[in-house]
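Adding 6 to a residue's 1-based position in the sequence shown gives its number in our numbering.
By construction, the Cβ of each residue, glycine as well, lies at the ideal position given by its N, Cα and C atoms.
Encoded as structure tokens, the structure appears first; notes follow it.
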Amino acid sequence: MRHFSGWMRRPPFATWAAFICVLLATVSARAQGPQAQGPPIIRSIDVQYTGPGTVSKERILAHMRTRVGQPYSDQVVEQDIEAL
Numbered sequence: 007m008r009h010f011s012g013w014m015r016r017p018p019f020a021t022w023a024a025f026i027c028v029l030l031a032t033v034s035a036r037a038q039g040p041q042a043q044g045p046p047i048i049r050s051i052d053v054q055y056t057g058p059g060t061v062s063k064e065r066i067l068a069h070m071r072t073r074v075g076q077p078y079s080d081q082v083v084e085q086d087i088e089a090l
């Protein structure tokens, strides 16, 4: 009389080792949490002026607080719009 015990067989050591590695990686990733990123850095400012040609791009930029290389801020942009 033969007994079939395929489903009762212990998993090989490699299976257990892989399971432990995946478990540790998952716990490690959750422990780190999301990285807080700051606002994006302004790389360029494109002035599109539709008025008299006597106003230069430099004059418009002089009245703005937003500058290339600074972090982007909605509040500063709103202030620039009001100033212009």
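Please identify the residue among Pro-45, Ile-66, Asp-80, Ile-48 whose C-alpha is closest to the C-alpha of Tyr-55. Ile-66
Check for me: the alpha helix (DSSP H) holding Gln-81 runs from which residue to which? 80–89
Could you say which of Pro-58, Gln-81, Asp-80, Val-74 lies nearest to Ile-47 if we only look at CA atoms? Val-74
C-alpha gap between Val-53 and Gln-81, whole angstroms: Straight across, the Cα-Cα distance linking Val-53 with Gln-81 is about 19 Å.
Could you check what DSSP says for Ile-47 in three-state terms: helix, strand or coil? strand
What does a CB cutoff of less than 6 Å around Tyr-78 pick up in its chain, not counting 5 residues either side in sequence? Pro-45, Pro-46, Ile-48
So Arg-65 is in the alpha helix (DSSP H); what residue range does that whole segment cover? From DSSP, the alpha helix (DSSP H) with Arg-65 extends over 63–68.
Taking the straight line between their C-alpha atoms, what separation do you get for Glu-84 and Met-70? 10 Å
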